[in-house]
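Residues 1 to 60 (full-length UniProt numbering) are what the sequence shown spells out, left to right. All residues carry an ideal CB built from backbone N, CA and C; glycine is no exception.
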Amino acid sequence: VKSYWLGPHYFKEGQEGNDIRRTNVPDIRVAYRFETLCEELNLITQAVRSEELETLEEQG
Numbered sequence: 001v002k003s004y005w006l007g008p009h010y011f012k013e014g015q016e017g018n019d020i021r022r023t024n025v026p027d028i029r030v031a032y033r034f035e036t037l038c039e040e041l042n043l044i045t046q047a048v049r050s051e052e053l054e055t056l057e058e059q060g
């Protein structure tokens with residue numbers, strides 16, 4: 001069902017998964033959303049790691 005509405009490559013990340021004829025979302029917008037998602041995930045990962053380090057320092 002997804003491939004019918006979003007195109008056969010919907011599972012690929014970023015612009016590779018976008019079929020503008022089906023999604024009506026320009027590639028540049030998809031690229032921006034993907035870049036923003038990656039930055040936010042990186043920020044969360046860094047926060048979790050620093051929290052883990054603080055916990056280890058308190059314990060050891």
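Limits of the alpha helix (DSSP H) - the one that residue i falls within
| i | result |
| --- | --- |
| PHE34 | 27 to 59 |
| LYS2 | 2 to 6 |
Residue j beta carbon less than 8 Å from that of residue i
| i | j | result |
| --- | --- | --- |
| TRP5 | ARG21 | no |
Determine contact between the segment 7 to 19 and the segment 27 to 40, defined as no fewer than three beta-carbon pairs at a distance below 8 Å. yes
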